[in-house]
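K.L.:
Please find one structure pasted underneath; my questions will follow.
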Amino acid sequence: MSTETDQKSGHGSANPSTWLFLIIGLGAFAIGTAEFAAMSLVPLVAHRFALSVPQAGWTVVFYALGVCIGAPIIALASAGRAHRSTLIATMLFYTLGNALSAAAPNAICLFLFRFLTGLPHGAYFSTASLVAASLVAPEKRASAVGRVFLGLTSATIAGVPLANLLAQISGWRIVFGLIATLSCLTTWLLWRFIPHNADLPQTSLREEVRALRNKRVCLILAIGGIGFGSLFCVYTYLASIMTAVTHADPSFTPLILAIFGIGLTIGTSICSHLADRKMSTTLGGVLILGAVSTALFPLASRSLIPLGIDIFFIGASGGLSAVVSAYLLSVARKGKNLAVALSHSAFNIANALGPWLGGLAITAGMGWTSVGWVGCALSLTALGLFFVELFQYNHVDTCAEMEPS
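Read in order, the letters of the sequence shown correspond to residues 29 to 433 in the working numbering.
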């Protein structure tokens with residue numbers, strides 16, 4: 029392993045940080061495929077277990093609840109422990125959860141297994157984000173966090189459409205089985221190649237808990253949790269909307285999912301780089317993008333080409349996740365691990381809140397496309413909280429202002 033200076037300079041033909049990013053990114057890819065593919069599999073799960081689509085959407089909700097509960101608990105439990113061990117343990121648990129999901133005999137068991145699978149999600153990403161941020165100079169830390177999220181977003185381009193296609197051919201169980209296999213491979217790579225001396229200075233349990241006493245941290249978490257719900261509100265029901273409203277052939281579903289993934293990946297990359305320069309401006313801009321794109325969704329969903337264009341921009345609004353995580357690293361001080369873990373709890377509150385509110389609108393007779401208006405309302409609510417944060421605090425504009433870990 030090279031010195032910290034070598035890692036941050038990026039010089040050398042065998043830069044260890046490059047391999048760390050690739051291996052960590054593979055784990056993010058596995059998690060992203062599992063998280064987003066489950067949403068596109070909702071209609072198939074509904075058919076298999078004789079549920080309505082909103083009822084089958086509880087597979088998404090229970091996973092999100094697992095993330096919300098597991099992220100802070102595991103982050104606190106791992107305080108003072110080696111980051112390498114945390115990464116390995118969380119990915120091993122993720123392997124087990126997906127394997128059980130693939131074998132679920134009924135809907136109740138599937139809901140339970142998705143809940144268990146979600147438990148290590150946030151802890152993996154929080155630890156991975158801290159390790160990534162330690163590999164670069166302070167002014168590049170938002171970009172480093174973005175690189176971790178690119179593993180997740182790239183799953184929406186390749187992993188999710190492929191998973192949806194395989195599910196249509198061979199059933200949804202094979203998807204969770206393949207994700208379990210990929211997670212197992214990642215576990216081995218982490219154990220084999222992440223060096224023992226890659227760990228960061230540890231914080232105590234007391235220092236981590238202090239993050240909860242920071243009102244600004246809580247406000248940023250609320251922005252992320254509500255704002256990201258806008259995206260999930262639409263994405264969860266996208267496959268069903270394409271059938272019921274767009275009247276598109278099911279073979280187009282993987283294509284639209286891939287377009288969403290391209291938007292999410294490009295949005296994450298652009299937002300994370302912009303956040304290195306103007307973090308607050310980037311946060312406000314991506315919230316506005318989410319509000320506008322979801323407001324246009326009811327109109328765009330009636331034809332395939334406008335749907336594809338709008339879904340690209342809805343996906344791009346998902347760059348919010350990387351910006352919120354980097355923002356938390358900027359303001360959390362000593363409780364960075366817990367703060368970033370809680371950001372994934374917030375994102376998965378969004379994962380539960382969006383589909384739940386969208387499902388309520390659908391079952392209330394407002395129509396499939398009403399999820400767009402619900403998503404817009406969530407983005408506007410988050411934007412209101414953003415203005416509260418903007419005017420109440422002296423905002424951080426760049427990651428260079430981050431306190432060193």
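C-beta: ideal position from N, C-alpha, C; glycine also.
Which residues in the same chain as V159 place their Cβ atom closer than 6 Å to its Cβ, once the five residues preceding and following it in sequence are excluded?
P.N.:
Position 131 of the sequence shown, counted from the start, is the residue given in the question as residue 159. H111.
K.L.:
Roughly how many angstroms separate the alpha carbons of V273 and L317, rounded to a whole number?
P.N.:
Taking the sequence shown and counting its residues from 1, the one referred to as residue 273 is at position 245. Taking the sequence shown and counting its residues from 1, the one referred to as residue 317 is at position 289. The straight-line gap from Cα to Cα measures roughly 24 Å.
K.L.:
Does G40 come out as helix, strand or coil in the three-state DSSP assignment?
P.N.:
Translated into the one-based positions of the sequence shown, residue 40 becomes position 12. Because G40 sits at a pLDDT of 41, beneath the cut-off of 50, its placement in the model cannot be relied upon, and the point is left open.
K.L.:
With DSSP run on the structure shown, which of helix, strand or coil describes M430?
P.N.:
On the sequence shown, position 402 is the one that residue 430 refers to. Residue confidence is low: M430 scores 46 on pLDDT, short of 50, so the model does not pin down where it sits. Its coordinate-derived value is still stated next. Coil.
K.L.:
Comparing C-alpha positions only, which one of Q420, L72, T61 and E167 sits nearest to M307?
P.N.:
Numbered from its first residue, the sequence shown carries residue 307 at position 279. Nearest option by C-alpha distance: E167.
K.L.:
Just mark V176 as buried or exposed, buried being the case when its beta carbon has 16 or more other beta carbons within 10 Å.
P.N.:
For the purposes of this step, residue 176 is taken as residue 148 along the sequence shown, with counting starting at 1. By the neighbour-count rule (16 or more Cβ atoms within 10 Å), V176 is buried.
K.L.:
Consult DSSP for G85 and reduce its assignment to one of helix, strand or coil.
P.N.:
Counting from one through the sequence shown, the residue named residue 85 turns up at place 57. Coil at G85, not helix or strand.
K.L.:
I need the straight-line Cα distance from F414 to Q420, nearest angstrom please.
P.N.:
As a position in the sequence shown, residue 414 is number 386, starting the count at 1. As a position in the sequence shown, residue 420 is number 392, starting the count at 1. Each residue's alpha carbon lies about 10 Å from the other.
K.L.:
Tell me whether A392 is buried or exposed, calling it buried when 16 or more other Cβ atoms sit within 10 Å of its Cβ.
P.N.:
In the sequence shown, counting from the first residue as 1, residue 392 sits at position 364. Exposed, since its Cβ has fewer than 16 Cβ neighbours within 10 Å.
K.L.:
Look at the alpha carbon of G187 and the alpha carbon of I207, and state the distance between them as a whole number of angstroms.
P.N.:
The residue you call residue 187 lines up with position 159 of the sequence shown. The residue you call residue 207 lines up with position 179 of the sequence shown. Looking at the two C-alpha atoms, the distance is approximately 9 Å.
K.L.:
Indicate whether S80 and A369 have their beta-carbon atoms separated by less than 7 Å.
P.N.:
In the sequence shown, the residue the question calls residue 80 occupies position 52. In the sequence shown, the residue the question calls residue 369 occupies position 341. Against a cut-off of 7 Å, the Cβ pair of A369 and S80 comes out as no contact.
K.L.:
In three-state terms, what does DSSP make of P223?
P.N.:
As a working mapping, residue 223 is identified with position 195 in the sequence shown. P223: coil per DSSP, three-state reduction.
K.L.:
By the DSSP assignment, the alpha helix (DSSP H) with N192 in it spans what residues?
P.N.:
The residue given as residue 192 occupies position 164 in the sequence shown. First-last of the alpha helix (DSSP H) with N192: V188 to S198.
K.L.:
Select from P334, S300, T281 and L292 the residue whose C-alpha is nearest the C-alpha of A170.
P.N.:
For the purposes of this step, residue 170 is identified with residue 142 of the sequence shown, where counting begins at 1. The shortest Cα separation from A170 among P334, S300, T281 and L292 belongs to S300.
K.L.:
Give the straight-line distance between the Cα atoms of V89 and F221, rounded to the nearest whole angstrom.
P.N.:
Walking along the sequence shown from the start, residue 89 turns up at place 61. Walking along the sequence shown from the start, residue 221 turns up at place 193. Cα to Cα, the separation comes out at about 34 Å.
K.L.:
CB-CB under 7 Å to W384, same chain, minus the five flanking residues each way: which ones, in chain order?
P.N.:
The residue given as residue 384 occupies position 356 in the sequence shown. Cβ neighbours of W384 beyond the five flanking positions: V89.
K.L.:
Leaving out five residues on either side along the sequence, give the residues of the same chain with a beta carbon under 7 Å from the beta carbon of E32.
P.N.:
Along the sequence shown, read from residue 1 onward, the residue named residue 32 stands at position 4. Its pLDDT being 41, under 50, E32 is placed unreliably in this model, and the coordinates cannot settle the point.
K.L.:
As a quick exercise: from A103, A319, A367 and P82, pick the residue whose alpha carbon is nearest that of A389.
P.N.:
Within the sequence shown, residue 389 is the residue found at index 361, counting from 1. Nearest of A103, A319, A367 and P82 to A389, Cα basis: P82.
K.L.:
Work out the CA separation of L247 and E417 for me, nearest whole Å.
P.N.:
The residue you call residue 417 lines up with position 389 of the sequence shown. The residue you call residue 247 lines up with position 219 of the sequence shown. Near 7 Å, if we compare the C-alpha coordinates of L247 and E417.
K.L.:
When the distance is taken between beta carbons, is G85 closer than 7 Å to T264?
P.N.:
Here residue 264 refers to the residue found at position 236 when the sequence shown is read from its first residue. Here residue 85 refers to the residue found at position 57 when the sequence shown is read from its first residue. Yes, these two residues count as a Cβ contact at 7 Å.
K.L.:
Report buried or exposed for R241, applying the criterion of at least 16 other Cβ atoms within 10 angstroms of its Cβ.
P.N.:
In the sequence shown, counting from the first residue as 1, residue 241 sits at position 213. By the 10 Å Cβ count, R241 comes out exposed.
K.L.:
Out of curiosity, what's the CA-to-CA distance linking M430 and L366?
P.N.:
Residue numbering aside, residue 430 sits at position 402 when the sequence shown is read from its first letter. Residue numbering aside, residue 366 sits at position 338 when the sequence shown is read from its first letter. Bear in mind that a pLDDT of 46 at M430, under 50, signals an unreliable position, so the model cannot answer this.
K.L.:
What is the C-beta distance between L285 and P189, in whole angstroms, given that I count them as a contact (C-beta under 8 Å)?
P.N.:
Taking the sequence shown and counting its residues from 1, the one referred to as residue 285 is at position 257. Taking the sequence shown and counting its residues from 1, the one referred to as residue 189 is at position 161. Their Cβ separation, rounded to whole angstroms, is 5 Å, which keeps L285 and P189 in contact under 8 Å.
K.L.:
Can you tell me the Cα-Cα spacing of I298 and S349, whole angstroms?
P.N.:
Your numbering for residue 298 matches position 270 in the sequence shown. Your numbering for residue 349 matches position 321 in the sequence shown. Taking the straight line from one Cα to the other gives about 12 Å.
K.L.:
Which class does P334 belong to by DSSP, given the choice of helix, strand or coil?
P.N.:
The sequence position of residue 334 within the sequence shown is 306, counting from 1. Three-state DSSP puts P334 in a helix.
K.L.:
Of all the beta strand (DSSP E) runs that stay within the bounds of the segment 326 to 395, which reach a length of 3 or more residues?
P.N.:
Correct list: empty.
K.L.:
With a threshold of 7 Å on Cβ separation, who are the neighbours of P148 within its own chain once the five nearest residues in sequence on each side are excluded?
P.N.:
Within the sequence shown, the letter at position 120 stands for residue 148. Excluding residues within five positions, the ones whose Cβ falls inside 7 Å are G98, I102, T118, F121 and Y122.
K.L.:
Note down the Cα distance separating A428 from A360, rounded to an integer number of angstroms.
P.N.:
Position 400 of the sequence shown, counting from 1, holds the residue named residue 428. Position 332 of the sequence shown, counting from 1, holds the residue named residue 360. Reliability of the predicted coordinates at A428 is poor, the pLDDT of 48 falling under 50, and the value obtained from them is presented with this limitation in mind. Roughly 14 Å between the two C-alpha positions.
K.L.:
For I333, does the count of other Cβ atoms within 10 angstroms reach 16, so buried, or fall short, so exposed?
P.N.:
Your numbering for residue 333 matches position 305 in the sequence shown. So I333 ends up on the exposed side.
K.L.:
Roughly how many whole angstroms lie between the Cα atoms of S433 and L194?
P.N.:
In the sequence shown, counting from the first residue as 1, residue 433 sits at position 405. In the sequence shown, counting from the first residue as 1, residue 194 sits at position 166. In this predicted model, S433 has a pLDDT of only 39, less than 50, meaning its place in the structure is not dependable enough to derive any value.
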